[in-house]
Amino acid sequence: MLALAPDAASRKAGTRLGAAGPWSGTGRDATGAVWGLCKGSGSTPYRTVVDTTGPACSCSCPSRKFPCKHALGLLLLLASDDTAFRPGEPADWAAAWIAGRRARAAGKGEPAAGGDGARGPVDTAAARKRAERRAERVTDGAQELEQRLADLLRGGLAATDRSGYGLWEETAARMVDAQAPGLAARVRELGAITGSGPGRPVRLLEECGLLHLLDTAWLGRDRLPDPLAATVRTRVGLPMSAEGPPVRDHWLVLAQYDTPDGRLVTRRIWLYGRRTGRTALLLSFGAAGRAPAQALPVGATIDAELTPYPGGGRLRAELGEQFGATAPAGPPPGIAAAAAPAVYGNALREDPWLDAWPVTLREVIPVPSEDGWQVADAHADTYADGRTGSALPIAPAALSRPGLWKLVALSGGGPVTVFGEIGHRGFDPFTAWEPGEGEEEAGRSPGGSIVQLV
Amino acid sequence: MPRTTSPITSPASASLDSLPWEELVTSALLGTDRRPPTPRGGPAPADAPAALLDAAALHTVRQRAGLLPAVPEARPEPAAPDPRPALPEAARHRLAHLLADRSAPSGGGRRGTAPDLTELIPQWLATANRRGYRAPAALLPALLDAARARTDLRPQALAFAGPRGLWLAALNPDWKFALRGSASGPLRPDITDPDAVARLWEEGLFAERIALLDAVRAQDPPAGLALLAATWSTERAEDRLMFLDSLRSGLGGDDEAFLEQALSDRSRNVRATAAELLSALPESALAGRMAARATTCVNPDRTGDAASIAVEAPHECDAGMQRDGVIPVPPTGRGERSWWLGQLVEAAPLGVWEERFGGRPAEEIVALPVADDWAGELHTAWCRAAVRQRNPRWARALLGRPSAPPASGPGTASIAERSKLLAILDDDERASWVAGFIAAHGLSEAFQLLGVCTVPWAGPLGRAVVDALDIARDGGSYPWSFSGVMGLAERCLDPAEADRLEVLTAAQDELEGASPGAGGYWSEAFQRLVSTLRLRAAMEAELMP
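Line by line, the protein sequences are chains B and X.
Just so you know, we're using numbering that gives the first Met the number 0 here: the first sequence kicks off at 0 and counts up by one.
Just so you know, we're using numbering that gives the first Met the number 0 here: the second sequence kicks off at 0 and counts up by one.
1. Write down the C-beta distance between A98/B and V137/B rounded to the nearest angstrom, noting that I regard them as a contact closer than 8 Å.
2. Less than 8 Å between CB atoms is the rule here; does T59/X satisfy it with respect to chain B?
3. I'd like the list of long-range same chain contacts for H69/B, defined as Cβ closer than 7 Å, with 5 residues on each side in sequence excluded.
4. Do you know offhand how far K405/B's Cα is from S482/X's?
5. Mark E145/B as exposed unless 16 or more other C-beta atoms lie within 10 angstroms of its C-beta, in which case mark it buried.
6. Alpha carbon to alpha carbon, how far is L29/X from A338/B?
7. Short check: CB of L237/B to CB of I268/B, under 8 Å?
8. Assign R336/X to one of three DSSP states: helix, strand, or coil.
9. So, do the stretch 314-326 of chain X and the stretch 380-400 of chain X have three or more beta carbon pairs nearer to each other than 8 Å?
10. So what does DSSP say about L223/B, is it helix, strand or coil?
11. Suppose you measure from the CA of L166/B to the CA of G190/B; what does that come to, to the nearest Å?
12. Can you check whether the CB of G441/X is closer than 8 Å to the CB of A467/X?
13. With 16 as the cutoff for other CB atoms within 10 Å, does S17/X come out buried or exposed?
14. Helix, strand or coil for D376/B per DSSP?
15. In this structure, does DSSP put P423/B in helix, strand or coil?
16. Contact check, L360/B vs V374/B under 8 Å by CB: the rounded distance?
17. Rounded to the nearest angstrom, what separates A261/X and R247/X at their Cα positions?
18. Do you know offhand how far L454/B's Cα is from C207/B's?
19. So P494/X and R535/X are supposed to be a Cβ contact under 8 Å. How far apart are they, rounded?
20. Alpha carbon to alpha carbon, how far is C365/X from L420/X?
21. Counting along the chain, where does the beta strand (DSSP E) carrying T258/B start and finish?
22. Please decide whether L398/B counts as near chain X, where near means a Cβ-Cβ distance under 8 Å.
23. Taking the straight line between their C-alpha atoms, what separation do you get for G411/B and P80/X?
24. Measuring CB atoms only, is the stretch 44-52 of chain X touching the stretch 221-236 of chain B, in the sense that at least three cross pairs come out at less than 8 Å?
25. Rank A94/B, Y343/B, D350/B by C-alpha distance to the C-alpha of G65/X and give the top, closest one.
26. Give me whichever residues DSSP pairs with P367/B in a beta bridge.
27. R462/X to R100/B, Cα distance in whole Å?
28. Which bits of chain X does E362/B rub up against, with CB to CB less than 8 Å?
29. Does the CB of V502/X have a neighbour CB from chain B at under 8 Å?
30. Nearest chain X C-beta to L237/B closer than 8 Å, yes or no?
31. Going by other Cβ atoms of all chains shown within 10 Å of its Cβ, with 16 needed for buried, is I470/X buried or exposed?
32. Out of D473/X, T150/X, R490/X, which has the shortest C-alpha to C-alpha gap to L449/X?
33. Run down chain B in chain order and give the residues with a C-beta less than 8 Å from the C-beta of W166/X.
34. If you measure between the beta carbons of V358/B and I449/B, is that distance less than 8 Å?
35. Excluding the 5 residues preceding and the 5 following P340/B in the sequence, name in chain order all residues of the same chain whose CB lies nearer than 7 Å to its CB.
36. Just list the beta strand (DSSP E) runs in the stretch 291-359 of chain B, keeping only unbroken ones of 3 residues or longer that don't cross its boundaries, in chain order.
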């Protein structure tokens with residue numbers, strides 16, 4: 000329930016309202032709607048309605064957070080003490096909203112996600128013209144960046160120590176002006192490498208090389224095959240839209256987490272399609288300090304259509320129509336840790352700028368290593384074909400996260416199934432499944448509950 | 000991989016691809032002007048920076064695509080299996096919620112109507128342990144973090160965490176505390192093997208030896224004594240003091256000879272502790288000696304008509320008294336004769352007084368007038384004696400009637416001493432005494448007394464507290480004057496009282512002369528009390544098997 004909260008403050012406030020105290024006139028109907036009046040600081044109480052099937056909510060409070068603390072509190076109250084809710088017909092003010100929502104839902108399934116209908120008729124010619132103008136500016140930006148990289152290499156990377164962040168910040172700002180946010184972000188990361196310790200020249204050269212590769216790929220995009228050209232456009236930061244036939248499947252929600260990203264909060268939701276065996280990533284954004292609106296409960300399986308975005312290995316997708324939830328199921332089949340680097344290697348063929356690729360590892364054991372942790376195959380002896388390695392280092396970013404300890408605790412020294420990203424920095428665990436009881440012998444059916452690690 | 004770069008790489012750079020990565024890095028670091036990258040057998044490319052970057056990109060992607068899995072390190076020993084049953088689903092969510100709230104930043108000063116979840120963690124853990132559940136593995140890190148921050152949680156949290164929790168703690172230096180023996184944890188020394196016990200006792204660290212002695216003593220008091228006696232003369236004075244303290248549990252007549260010997264110890268603190276332990280054994284020779292001394296000082300006064308007590312404090316503290324633990328030099332501000340008297344009476348078995356005063360029961364003896372202002376000194380000493388000898392008859396007598404005004408009655412008026420005396424009485428008697436006290440005197444002095452009552456509070460006690468809170472509200476003061484008692488009530492009231500309390504949560508009209516806004520705050524405080532009680536009832540229900 001609290002996972003729905005847009006931020007920590009709402010969570011706290013919602014928890015506070017999750018008690019009978021401030022509520023009056025609470026009730027619920029047979030279709031899953033609940034409502035109540037919450038006494039706030041003003042004279043008139045706030046009217047809060049929640050449709051638990053959505054979930055969706057409406058509240059008369061002025062808060063622009065969604066869901067607001069009153070809706071959260073109402074849901075918490077429902078969870079802790081549903082006798083406080085009088086079953087029956089909704090109050091007038093609640094009935095209107097519920098009826099409206101039901102009517103819309105009946106009309107076109109789940110409304111919220113798409114929103115394409117709202118877009119007005121587009122003047123295609125003008126749009127193309129705008130796109131061309133933007134491409135020209137990006138091209139100018141890419142050429143300028145090439146020039147700057149060349150100057151840098153001529154003078155030597157060692158010189159960047161002295162210029163510090165300023166040089167990169169200024170270059171990044173130029174790329175923002177050139178309307179190439181993807182290039183700007185990469186440049187900014189170069190600045191972060193400048194400040195970091197050993198192995199710096201190597202990482203700096205690697206990233207400069209990849210940045211140069213992206214520049215030249217953009218400048219020569221006419222000669223690239225379509226999928227790769229789409230990848231380049233995405234990486235440069237041009238707006239793309241999901242296209243192509245939607246993929247309907249039973250999607251297991253593997254993980255959902257937010258990362259602050261400058262003035263934005265980026266929410267990533269990882270999905271796994273039972274039938275297609277496909278992993279997809281939903282991205283949504285919110286202003287700083289505020290959670291993006293899209294939320295799916297981790298561990299649930301939804302019957303829905305996804306539309307993939309072009310480029311980048313077609314990992315990113317947009318959530319289309321939802322047809323409801325289905326029975327929960329266990330983790331994706333998964334592979335051995337020893338096989339994971341090859342999966343990443345393959346993905347690089349479609350997108351050489353990829354830092355990592357999603358993968359589910361089956362029956363791995365977290366093992367402490369000299370400067371961190373590894374995940375090692377529990378049954379490494381089955382790979383006796385000359386491969387000696389059967390472990391993946393845990394990515395440095397994950398070492399400081401409390402989730403790592405959850406993973407270790409779940410394992411208890413035994414095998415677990417874990418979903419995460421494998422990349423050149425190592426394996427970054429996102430989600431693990433609690434090993435079922437008494438299944439040390441049985442290789443399959445680790446049907447335990449899902450635990451998010453990020 | 001080259002497939003993706005070939006269409007856009009300039010032909011001039013192709014030859015750089017064969018250069019070793021290290022040379023590329025060196026060239027990049029120093030600058031292509033100073034150190035142009037030169038392929039073997041060829042001139043440096045015309046556009047050196049671009050060629051270098053092309054080669055670097057190719058190398059980077061090639062190297063990433065060709066990553067190999069690492070060689071695994073030695074696996075940790077798997078955690079010992081935990082046979083306890085898993086938590087019910089709802090209880091598991093509750094625990095996650097309680098632990099998450101602990102780490103959340105506290106929002107502002109006033110507490111509002113929501114329960115203080117952190118304060119409920121100890122109770123939740125105690126119940127879960129009583130029912131014998133296994134901790135969910137995913138919550139172990141949060142649980143250990145909570146126990147790290149709050150030492151009072153540790154025993155229960157570690158018992159709940161079980162073998163998996165200890166296994167985990169051994170892997171993270173942050174949780175080292177868990178490995179320092181907890182009395183109830185599986186780190187308790189194995190005392191079934193006499194050889195291992197003897198070896199640990201001979202070679203162990205001090206903490207290990209203390210734990211061992213406590214464990215052996217709990218199982219078999221004479222064996223613990225024998226262990227200690229064997230090495231007694233070689234122990235350091237500080238250690239002797241700590242070890243001697245371990246004899247407190249399971250203290251009995253068997254220990255007398257050893258303790259009597261310790262009265263001649265080199266260390267004064269050891270001597271004092273030995274004397275204290277002996278005086279808790281009414282049959283001991285020391286108790287007899289103290290009784291003889293005390294009864295020469297305190298006697299029935301036969302001069303007047305009515306029965307009363309005459310006191311003649313000792314005139315000196317001789318070597319015999321000092322050997323029996325009487326400290327000759329009083330603290331600053333106290334007369335030495337009353338100081339000696341107090342120590343004699345405290346160490347004398349209480350039974351001698353009943354004999355001395357013609358078979359009168361303790362109540363009557365306590366009520367007798369005492370000559371020459373000695374009453375305070377004598378009664379205080381009796382209080383200490385009752386606590387030390389755990390004598391409920393005397394404790395009851397010294398407490399007096401709960402409704403009596405504290406200053407007027409016999410016995411003691413000190414709240415601290417009263418709570419110690421109460422601790423000797425059984426649960427029901429303790430609860431009803433405190434209930435009577437609160438009914439008569441209100442809550443202002445009740446906090447410490449409530450602290451010694453068993454949780455959940457018995458019915459009469461709970462009602463007395465609630466009534467007193469209601470009266471305090473009508474009195475017009477602010478609820479935070481009673482925040483200590485409120486907090487206790489949230490944790491200790493029987494959850495079944497919630498319904499009865501509901502009426503108090505209604506906001507009341509402002510009373511004449513009340514502090515401004517007090518009514519609203521009181522109704523908020525009662526709402527919090529009710530919602531906390533409801534929450535505790537829900538927690539309890541979730542943990543039912």
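Beta carbons: idealized from backbone N, C-alpha and C, even for Gly.
On the basis of the data shown:
1. Taking the first residue of the first sequence as 1, we reach residue 98/B at position 99. Taking the first residue of the first sequence as 1, we reach residue 137/B at position 138. So it is not a contact: roughly 49 Å between Cβ atoms.
2. Locating residue 59/X in the second sequence gives position 60, counting from the first residue. Judged by the 8 Å Cβ criterion, T59/X is in contact with chain B.
3. As a working note, residue 69/B is residue 70 in the first sequence. Same-chain partners within the cutoff: L16, C37, Y45, T47, C58, C60.
4. On the first sequence, position 406 is the one that residue 405/B refers to. On the second sequence, position 483 is the one that residue 482/X refers to. The alpha-carbon atoms of K405/B and S482/X are separated by roughly 37 Å.
5. As a working mapping, residue 145/B is identified with position 146 in the first sequence. So E145/B counts as buried.
6. In the second sequence, residue 29/X corresponds to position 30, counting from 1. In the first sequence, residue 338/B corresponds to position 339, counting from 1. Each residue's Cα considered, the two are about 39 Å apart.
7. As a first step, residue 237/B is located in the first sequence; it is residue number 238 there, counting from the start. As a first step, residue 268/B is located in the first sequence; it is residue number 269 there, counting from the start. Result no, Cβ atoms of L237/B and I268/B do not sit closer than 8 Å.
8. In the second sequence, counting from the first residue as 1, residue 336/X sits at position 337. Helix, per DSSP.
9. no
10. Sequence index remark: in the first sequence, residue 223/B carries index 224 (1-based). If DSSP states are grouped into helix, strand and coil, L223/B belongs with coil.
11. Here residue 166/B refers to the residue found at position 167 when the first sequence is read from its first residue. Here residue 190/B refers to the residue found at position 191 when the first sequence is read from its first residue. Computed Cα separation, rounded: 8 Å.
12. Looking up residue 467/X in the second sequence gives position 468. Looking up residue 441/X in the second sequence gives position 442. Closer than 8 Å, so yes.
13. Reading the second sequence from its first residue, position 18 is the one you call residue 17/X. S17/X is exposed by the Cβ-count criterion.
14. One-based indexing of the first sequence puts residue 376/B at position 377. Note: D376/B maps to strand in three-state DSSP.
15. The sequence position of residue 423/B within the first sequence is 424, counting from 1. Strictly speaking, residue 423/B in this sequence is His, with Pro absent from that position. Residue state, collapsed to three classes: coil.
16. Within the first sequence, numbered from 1, the residue matching residue 360/B stands at position 361. Within the first sequence, numbered from 1, the residue matching residue 374/B stands at position 375. Contact holds; Cβ gap of about 6 Å.
17. Numbered from 1 along the second sequence, position 262 holds the residue referred to as residue 261/X. Numbered from 1 along the second sequence, position 248 holds the residue referred to as residue 247/X. In a straight line, the C-alpha of A261/X is about 14 Å away from that of R247/X.
18. Not covered by the structure: residue 454/B. The range shown for chain B is 0 to 453.
19. Taking the first residue of the second sequence as position 1, residue 494/X is located at position 495. Taking the first residue of the second sequence as position 1, residue 535/X is located at position 536. Confirmed, Cβ separation roughly 5 Å.
20. Taking the first residue of the second sequence as position 1, residue 365/X is located at position 366. Taking the first residue of the second sequence as position 1, residue 420/X is located at position 421. Residue 365/X is actually Val in this sequence, not Cys. Each residue's alpha carbon lies about 14 Å from the other.
21. On the first sequence, residue 258/B is found 259 positions in, with the first residue counted as 1. Looking at the DSSP string, the run of the beta strand (DSSP E) that includes T258/B is 246-260.
22. One-based indexing of the first sequence puts residue 398/B at position 399. No, because no Cβ of chain X sits closer than 8 Å to the Cβ of L398/B.
23. Within the first sequence, numbered from 1, the residue matching residue 411/B stands at position 412. Within the second sequence, numbered from 1, the residue matching residue 80/X stands at position 81. Rounded to the nearest angstrom, the two C-alpha atoms are 9 Å apart.
24. no
25. As a first step, residue 65/X is located in the second sequence; it is residue number 66 there, counting from the start. Comparing Cα-Cα distances from G65/X to each of A94/B, Y343/B, D350/B, the minimum goes to Y343/B.
26. Locating residue 367/B in the first sequence gives position 368, where the first residue counts as 1. P367/B pairs with W372/B.
27. Looking up residue 462/X in the second sequence gives position 463. Looking up residue 100/B in the first sequence gives position 101. If I take the Cα positions, the gap works out to 49 Å.
28. For the purposes of this step, residue 362/B is taken as the residue at position 363 of the first sequence. Under the 8 Å cutoff, chain X gives no residues; its nearest Cβ is about 13 Å from E362/B.
29. To locate residue 502/X, count along the second sequence from 1; it is residue 503. Answer no: the Cβ-Cβ gap between V502/X and chain B never drops below 8 Å.
30. For the purposes of this step, residue 237/B is taken as the residue at position 238 of the first sequence. False, the Cβ-Cβ gap to chain X never drops below 8 Å.
31. One-based indexing of the second sequence puts residue 470/X at position 471. Answer is exposed; the Cβ neighbour count stays below 16.
32. Position 450 of the second sequence, counting from 1, holds the residue named residue 449/X. The candidate whose alpha carbon is nearest that of L449/X is R490/X.
33. Indexing the second sequence from 1 puts residue 166/X at position 167. In chain order: G411, G412.
34. Numbered from its first residue, the first sequence carries residue 358/B at position 359. Numbered from its first residue, the first sequence carries residue 449/B at position 450. No. Outside cutoff.
35. Locating residue 340/B in the first sequence gives position 341, counting from the first residue. Closer than 7 Å at the Cβ level, and outside the excluded window around P340/B, lie I421.
36. 300-307, 315-325
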